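This report concerns only the one structure given below.
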Amino acid sequence: SAVISQKPSRDICQRGTSLTIQCQVDSQVTMMFWYRQQPGQSLTLIATANQGSEATYESGFVIDKFPISRPNLTFSTLTVSNMSPEDSSIYLCSVADRGLGEQYFGPGTRLTVT
Amino acid sequence: DAKTTQPNSMESNEEEPVHLPCNHSTISGTDYIHWYRQLPSQGPEYVIHGLTSNVNNRMASLAIAEDRKSSTLILHRATLRDAAVYYCTVTSGTYKYIFGTGTRLKVLA
């Protein structure tokens, strides 16, 4: 299994600002994913971030709003840019390694935009 | 990616078995069925996955229909710590998960 940490665990931000969320894994993994979970809702995949390639975004999510970096096999960041109250959500990263069949999720970052 | 349909909520008495159903009628031949659960204020936790045959692990059992269009997660003896939202998801080799609404399981003492 993989142990995943996220920073910050929570934050309150003003509209129009940006926040960068960090995801750190205790082992090298091939694939990382970023999800959003709005209050009381299920998880929605934002993008897939594989090391050495550009992130792949899902429909409804764009790079200008959610830029992602994946500089190595244990770390990734997601930036939420030009925030509005509608961006208030929990943001989670997860990791998977080919052949394992399961993903491991971080504890999430609870973002509130005022 | 195949969509999944689950009941919004279920209740179970403590120490009794729980059967959580999931429909995935658009599943393709190479798609795996995964189950995760999310306890309050935590990220989802892997429970079990399978392709065609029934699977068992220390947490649960997964029963897959012969036509693979549905599956059932079985918790053999529910405990209060099993109260969570259970998600069924279907994925191919891309490892992309499309989460449905999930089933909120309430365990009664």
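As you go down the protein sequences, you meet chains C and G in turn.
Per my numbering, residue 1 is the first one in the first sequence, and the count goes up by one each step.
Per my numbering, residue 1001 is the first one in the second sequence, and the count goes up by one each step.
C-beta: ideal position from N, C-alpha, C; glycine also.
Computed from a prediction, not measured in an experiment: that's the story for all the values here.
- The three-state secondary structure of G:Pro-1007, taken from DSSP, is coil.
- One thing to note: C:Met-31 has its Cβ no nearer than 8 Å to the Cβ of C:Ser-76.
- From the beta-carbon of G:Gly-1043, the residues of chain C found nearer than 7 Å are Leu-92, Phe-105, Gly-106, Pro-107, Gly-108.
- 8 Å or more divides the Cβ of G:Val-1047 from the Cβ of G:Ala-1083.
- Scanning chain C for C-beta atoms nearer than 7 Å to the C-beta of G:Gly-1029 yields nothing, as the closest lies near 17 Å away.
- From the beta-carbon of G:Lys-1096, the residues of chain C found nearer than 7 Å are Leu-45, Thr-48.
- Residue C:Leu-73 holds the alpha-carbon nearest to the alpha-carbon of C:Gly-52 among C:Arg-36, C:Leu-73, C:Gly-40.
- Secondary structure in the region 1014-1101 of chain G: no alpha helix (DSSP H) run of 4 residues or longer lies completely within the stretch.
- Against C:Ser-76, chain G offers no close residue; the least beta-carbon distance is about 15 Å (beta-carbon pairs closer than 8 Å).
- Annotation: Cβ neighbours of G:His-1049 in chain C (cutoff 7 Å, chain order): Gly-101, Glu-102.
- The criterion of a C-beta distance shorter than 8 Å is not satisfied by G:Tyr-1095 and C:Gln-6.
- Using a C-beta cut-off of 8 Å, the region 1008-1025 of chain G makes contact with the region 1097-1106 of chain G, since at least three inter-stretch Cβ pairs fall below that distance.
- Unbroken beta strand (DSSP E) runs of no fewer than 3 residues, entirely contained in the region 45-100 of chain C, are found at 68-72, 75-80, 89-96, following chain order.
- Membership of C:Ser-18 in any beta strand (DSSP E) is not indicated, and neither H nor E is assigned to it by DSSP.
- Nearest to C:Gln-24 by C-alpha distance, out of C:Ala-55, C:Arg-70, C:Pro-39, is C:Arg-70.
- Pairing C:Val-113 with C:Ser-81 gives a Cβ-Cβ distance that is not under 8 Å.
- Around the CB of C:Ala-47, 16 or more other CB atoms lie within 10 Å, so the residue is classed as buried.
- Separation of G:Ile-1074 and G:Val-1018 (C-alpha to C-alpha, rounded to the nearest whole angstrom) is 6 Å.
- When DSSP reads this structure, C:Ser-9 sits in no beta bridge, so it has no partner.
- Assignment of C:Thr-30 by DSSP, reduced to helix, strand and coil, places it in the coil class.
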